[in-house]
Ligand code: MN
């Protein structure tokens, strides 16, 4: 039986050295995974367990895009992140085996309606309006895990109009990539196409129409986003 109407194609991400692209199934995001960022948000890191929110795959766009300033916010923030692309099915995987599920890594932006996220947080409501924003999940091309190597002291940084706003290293991650995959796989059957944004370092801040965001992680393809006019 055919569908009643056609949906847009599944968004997908280029992969270095591959003709095919990586199709996006789900986008999981880790909250407060750098202590200095948690502090700037007025909250201490919960070292007992990580927590998550999600962005719809329909919110994904690619590095180099121009994205309209979204409706419903006066405080649209940048968050520079390392994203992990899952390449093998895992469920309840131990930390020691979790990296076997990684296909590759890429730079990502978790663009956020900060005013709505904070007002939702204050009312103990879900963060969807703050986080699941159209065109807010930005991905640069994926580098395969073997080419990236071990996660360690790689610099993670973001600039707005050439001025540095975020500058940290992956060694500052509170929950490591294998710890995140292991924990998340306790609740989900992770599958190829699932992406995990691992959280943002300190220095988040607002952008305005016309701003150009650039960012990078040592060893990965850089990311960029231009903020268009308000819709
Ligand atoms: Mn984030």
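Numbering (this note's numbering), first residue to last: 478 to 708.
Just so it is clear, CB atoms sit at the ideal spot from N, CA and C, and this is done for glycine as well.
Asked                                                                                                               : Found
Element boundaries [alpha helix (DSSP H), containing residue 487]                                                   : From DSSP, residue 487 is part of no alpha helix (DSSP H); its letter is neither H nor E.
Residue 631 classed as buried or exposed, judged by whether at least 16 other C-beta atoms fall within 10 angstroms : buried
Residue 640 (DSSP reduced to helix, strand or coil)                                                                 : strand
Best match in 494, 485 and 679 for proximity to residue 520 [C-alpha to C-alpha]                                    : 679
Distance cut-off 6 Å: residue 551 Cβ against heavy atoms of the ligand MN                                           : no
Residue 630 Cβ short of 6 Å to the ligand MN heavy atom set                                                         : no
CB contact check: residue 492 to chain B, cutoff 7 Å                                                                : Chain labels in this structure do not include chain B; a single protein chain is all it has.
Rounded separation between residue 698 and residue 704 - CA only                                                    : 20 Å
Environment of residue 708 [buried if 16+ CB atoms lie within 10 Å]                                                 : exposed
contact_flag[the segment 644 to 664, the segment 527 to 534] where n(CB pairs < 8 Å) is 3 or more                   : yes
Residue 587 beta carbon near the ligand MN (any heavy atom closer than 6 Å)                                         : yes
Residue interval of the beta strand (DSSP E) (run including residue 500)                                            : 498 to 500
Residue 620 and residue 580 closer than 7 Å at C-beta                                                               : no
Presumed contact (8 Å Cβ cut-off) between residue 671 and residue 538, rounded CB distance                          : With a Cβ gap of about 18 Å, residue 671 and residue 538 do not count as contacting.
Heavy atom of the ligand MN within 6 Å of residue 677 beta-carbon                                                   : yes
CB of residue 557 within 7 Å of CB of residue 692, strictly                                                         : yes
In DSSP terms, what residue 539 is bridged to                                                                       : 616
Start and end residues, beta strand (DSSP E) containing residue 689                                                 : 689 to 694
Run of the alpha helix (DSSP H) containing residue 512, from where it starts to where it stops                      : 512 to 517
Beta-carbon separation (whole angstroms), residue 607 vs residue 594, contact threshold 8 Å                         : 3 Å
Terminal residues of the beta strand (DSSP E) in which residue 672 lies                                             : 671 to 674
Spatially closest choice to residue 660 from 505, 492 and 494, by CA coordinates                                    : 505
Extent of the continuous alpha helix (DSSP H) run through residue 702                                               : Careful: residue 702 lies outside any alpha helix (DSSP H), inside the beta strand (DSSP E) at 700 to 707.
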